[in-house]
Amino acid sequence: MSLEKILLGTVQSGVQALYNQTFNENLIQFQKTKKEFDGDITLVTFPIVKFSKEAPHITGEKLGAFLLENSDLVSAYNVVKGFLNLSIVDTFWVDQLNTISETVNYGFSPSNGKLYMVEYSSPNTNKPLHLGHLRNNFLGYSVAEILKANGFEVVKTQIVNDRGIHICKSMLAWEQFGNGETPESTGLKGDKLVGKYYVRFDQELKKETKALVNAWVAETNDDQNLDEAILKLISAYQNNDESAQAGIFDKLSELAKNQTAIMKSAQDMLLKWEQKDPAVYKLWSTLNGWVYDGFESTYQAMGVDFDKLYYESETYLTGKDLVEDGLKKGIFFQKDDGSIWIDLTDDGLDEKLVLRGDGTAVYMTQDMGTASQRFLDYPKLNGITYTVGNEQDYHFKVLFLILKKLGYAWAENCFHLSYGMVDLPTGKMKSREGTVVDADDLMQEVVDKAKAGSQERGHLEGMSDTDKNNLYQTIGMGGLKYYLLKVDPKKRMLFNPEESVDLNGNTGPFIQYAFARINSLLKSDFKVKPVLKTVELHDSEREIIKLLIDFPQVIKEAGTELSPALIANYTYELVKLYNSFYQSVSIFKESDDEKINLRLNLSKNVGDTIKKSMHLLGINVPNQM
RNA sequence: GGGCCAGUAGCUCAGCUGGAUAGAGCACCUCCCUUCUAAGGAGGCGGUCAAAGGUUCGAAUCCUUUCUGGCUCACCA
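See below:
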């Protein structure tokens, strides 16, 4: 039973005895005593004043005296305004520490029999993974681990975005300009090679677009086949001054894009792909194969994995049945051009397209299909969490609403783990402007930095080269993951390259270092036993025990909030307290064996908690660093 | 224009289901390695919690309005 629960009963009988009142326990508010005051736990007496009809400090005094008299736990009290600060006997804290030590899997919940799916990553197969994907992957992986710690069985999954016009763009550019290049012939990772041709396509497209628009606006242009909107713009361009021309040129460029030869070829290729043209299919599977090899090595470096993969090329058609079904049920409606929509205006949203006029699937169609497929594949499935950026908030709001309207009870248990964009000090990442931070490059950089830092400090005598390299990996990746996970997922965050490889302060390596020091302590021959109740606690020891008591609650909250940041912040607090303790008391210079035992016992529990917390973030901890 | 999200120290972030004098890290300035790993610790400097009203014994936290920034409202994904 928690301290608050135990005290609650005594407070209630106190109120009964003093004021002959019984009242709702919600009115009894406990909070942690702030560190500038004496005490361990504080009762806020303002709400009780309503019944006592006294000044808050009078009621505090009376209740304090009652508690001191009637509770074995309370050893002292003091009153500051409306706050009754209670000191709790050390035996209670020692007892708690022993309980924590004896609890198997302390902080983790037993299985609740529920199956949950966490979707994350879900990249396009036309370009390499970047910094944004790192936040996504680390978040998704961590949330999956946190849900497991809360008793769920979890299937980690992704939907691989392997089809569509953007995929055809890189295919086409490779075909036209690639000269048969392969990962082997160039030494490039597959995803990098394909990404290179995606960029190449864009360059060609820009070049052709510009040429086309220049031809349109030239005096000699007599192409009468252009549609009216374009002709209007051309005439506007020709009859305006230079300052207005730039804007018109941009508008024309937008229209011209789709009329360039290269874009038409790409669209043509998509059509052929949908018709399963053998040559196009072969090209598609070859390039995607390269990309998957590249991704595989990136995922490995990230330390993330998946239990089940879904491919858009396999699921994009399945949503159509749902649309047909919904149309019959009158949930959707058809417009004259054949396109199918849902009217969500009653729910405060818009009309939303669910199937194109030509009968092809849109994003929404596919996501409906994929969701339903997943519940078919896993009949026990309770819900899905989608780790997707917050620019898709509206999409998921609509998706879940549609699924609900289609009558799926499980739609209630689908959540969008919406996370904010990662900005750079220079602003937004833009692939077109080449400001994207590549995932592989960044991971390599942080590992290199960790290596340099470790070598400078030189605590690694007697370690093999393999172990050293693993350590650099652990520290570098630990720093990067911690950096991206310590911020509330919902919030947009700034990625500062300098800070991300920092090893001091609120960082992954700071926490790893505390673990390594604890590990070093525990290597002694001293045999750790349960702590005797008679031991007197140092302030820093008591504070650590108090924080350890919170661990299970933190894991629960991280689970309901889907927020690894809560775990990160908790661990940081714990490590700060531990470091302070480590500095202020000596362990092996202590003459009293019982105190040595207490301190090692405490250290071991802190170490275990650090390890478990970091595990929930996908971060490893080193025994030595 | 409608909807959603955010605005806290020079910078990056906690705190937000209302409670005491708003906290960390970085940066800057002092100290501490003949104690177990100094990737550490102790301290200092630094705030109109975007602004104005309101509710309350009490507001960074809840409500209203305004300002600023972002995302979104595609027969793109």
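For the first sequence, the UniProt record's numbering gives the first residue as 1, with consecutive numbering after it.
The beta-carbon is built from N, C-alpha and C at its ideal position, and this holds for glycine as well.
* **Limits of the unbroken beta strand (DSSP E) element including GLU391** => Segment: none, GLU391 is in no beta strand (DSSP E) and carries neither H nor E.
* Give me the Cα-Cα distance between VAL437 and LEU193, rounded to the nearest whole angstrom. => 16 Å
* Per the contact definition of three or more C-beta pairs closer than 8 Å, is the segment 285 to 302 in contact with the segment 178 to 197? -> yes
* Could you check where the alpha helix (DSSP H) with SER297 kicks off and where it finishes? -> 278 to 302
* For the alpha helix (DSSP H) that SER613 lies in, which residues bound it at each end? -> 593 to 616
* Between LEU84 and the rest of its own chain, which residues show a CB-CB distance below 7 Å, the 5 nearest in sequence each way excluded? -> THR42, LEU43, THR45, GLY60, LEU63, GLY64 and TYR77
* **Where GLN12 falls: helix, strand or coil (DSSP)** => helix
* Answer with buried or exposed for ASN214, where buried requires no fewer than 16 other C-beta atoms within 10 angstroms of its C-beta. => exposed
* To do: Decide if GLY9 is buried, meaning its Cβ has at least 16 other Cβ atoms within 10 Å, or exposed.
  => exposed
* Whole-angstrom distance between ASN496 and THR435, CA atom to CA atom -> 13 Å
* May I ask you to report which of helix, strand or coil DSSP gives GLN29? => Three-state result, GLN29: strand.
* To do: Leaving aside the five residues before and after ARG374 along the sequence, list all residues of the same chain whose C-beta is less than 8 Å from its C-beta, in chain order.
  => MET117, THR157, TYR310, LEU381 and ILE384
* Nearest to THR534 (by Cα), restricted to the options LEU68, PRO56 and VAL89 -> Checking every option, the nearest Cα to that of THR534 belongs to VAL89.
* **Backbone secondary structure at LYS81 - three-state DSSP** => coil
* Inter-stretch contact at 8 Å, needing at least 3 Cβ pairs: the segment 259 to 273 / the segment 168 to 185 -> yes
* Please state whether DSSP places PHE396 in a helix, a strand or coil. => Correct three-state label for PHE396: helix.
* DSSP three-state assignment for SER586, whether helix, strand or coil -> coil
* Where the beta strand (DSSP E) containing ILE340 begins and where it ends -> 340 to 343
* **Continuous alpha helix (DSSP H) stretch holding HIS166: start and end** => Counting along the chain, the alpha helix (DSSP H) containing HIS166 begins and ends at 165 to 177.
* Asked: Expressed to the nearest angstrom, what Euclidean distance is found between the alpha-carbon atoms of GLU219 and LYS308?
  -> Cα to Cα, GLU219 sits roughly 59 Å from LYS308.
* Compare the C-alpha of LYS546 against each of ASP525, GLN203 and TYR570 and name the closest. => TYR570
* For the segment 306 to 342, list the beta strand (DSSP E) runs that are entirely contained and at least 3 residues long, ordered along the chain. => 308 to 311
* **Cβ-based burial, PHE37 [other Cβ within 10 Å; buried from 16]** => Exposed: under 16 other Cβ atoms inside 10 Å.
* **the segment 346 to 358 in contact with the segment 293 to 303 per 3-pair CB rule at 8 Å** => no
* To do: Jot down the residue ranges of each uninterrupted alpha helix (DSSP H) in the segment 472 to 553, minimum 4 residues, whole runs only, in chain order.
  => 497 to 500 and 508 to 522
* To do: Express the C-alpha separation of SER142 and TYR408 in angstroms, rounding to a whole number.
  => 28 Å
* Grab the span of the beta strand (DSSP E) containing VAL437 for me, first residue to last. => Neither: VAL437 is in no beta strand (DSSP E) and is coded neither H nor E.
* Asked: When you compare only the Cα positions, how much space is there between ASN161 and TYR292?
  -> 12 Å
* Sequence-distant residues of the same chain with beta carbon closer than 6 Å to GLU204, five excluded per side -> ILE262
* To do: Return the CA-CA distance between THR345 and ASN620, expressed in angstroms with no decimal places.
  => If I take the Cα positions, the gap works out to 49 Å.
* Cβ-based neighbour list, ALA565, same chain, cut-off 7 Å, excluding 5 preceding and 5 following -> LEU485, LYS486, VAL487, ASP488 and PRO489
* Buried or exposed: which applies to LYS481, given that a residue is buried once 16 or more other Cβ atoms fall within 10 Å of its Cβ? -> A residue is called buried when at least 16 other Cβ atoms come within 10 angstroms of its Cβ; LYS481 meets this threshold and is buried.
* To do: List the endpoints of the continuous beta strand (DSSP E) containing GLN624.
  => Run containing GLN624: none; DSSP gives neither H nor E here.
* Asked: Where does ALA218 sit, in a helix, a strand or coil, going by DSSP?
  -> coil
* Own chain partners of GLY420 with C-beta closer than 7 Å, once the 5 adjacent residues on each side are dropped -> Counting only Cβ-Cβ distances below 7 Å, and skipping sequence neighbours, we find ASN390, LYS490, LYS491, ARG492 and MET493.
* **Identity of the residues DSSP links to VAL154 by a beta bridge** => TYR116
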